[in-house]
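What follows is a single structure, written as structure tokens, with notes after it.
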Amino acid sequence: MLWKALFLWFVLMGLAILNGAVRVEFIIPAVGEATGHVVSTALLSTLILLTTWYCIGWIAPRSVRDAWMVGFLWLLMTLVFEFGVGYFISHRTWLEMLADYNLRKGRVWVFVPIITGLAPVLMAKLLWTIG
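Following our numbering, the numbering of the sequence shown begins with 31 at its first residue and continues without gaps.
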């Protein structure tokens, strides 16, 4: 189960990178930076939920605990990836990176890691409910 979850996380990161490119090239020029970040966050959150829904049967968590374990793995890997790339490759400061999580300034990116962590649990419960 965890190997499949790990593989799917890489798929989700590919979607996140593609989402970032679409945001920079198309969304922000069309609607502006603030709205562009909101649209991009909503788009990526939707992609994460839909992809997880499509693949949750393949990952096959056997319990809510298993689904939480997948969610925690995805959340941890997402944060390590995001802050690692930001710091070591993009040379952003910790304050610059943390600014993306400031809801008071209209930055809604915090919802992406939250959705990433919750998606396996939500989609597994939905699958088990509707069968």
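Yeah, the Cβ is synthetic: ideal placement off N, Cα and C, and Gly gets one too. As the structure is a computational prediction, the values presented were derived from the model and not from experiment.
Counting only residues of its own chain and dropping the five nearest sequence neighbours on each side, glycine 50 has a CB closer than 8 angstroms to the CB of Ser70. Residue burial is scored here from C-beta neighbours: isoleucine 160 has fewer than 16 other C-beta atoms within 10 angstroms and is therefore classed as exposed. By the criterion of a C-beta distance shorter than 7 angstroms, phenylalanine 113 is surrounded in its chain by Met127, once the five residues flanking it on both sides are discounted. For the pair of segments examined, the segment 35-48 was found to touch the segment 92-108: the number of CB pairs separated by less than 8 angstroms reaches three. In the three-state reduction of the DSSP assignment, valine 110 falls in the helix class. With a threshold of 16 other beta carbon atoms within 10 Å, isoleucine 144 falls short and is exposed. Distances from the CA of leucine 73 to each of Met153, Leu157, Leu152, Trp139 were compared; the closest alpha carbon is that of Trp139. Scanning its chain for C-beta atoms nearer than 7 angstroms, with the 5 sequence neighbours on each side dropped, one finds around valine 100 the residues Ala35, Ile89, Pro91, Pro150, in chain order. In the structure shown, the three-state DSSP call for valine 140 is coil.
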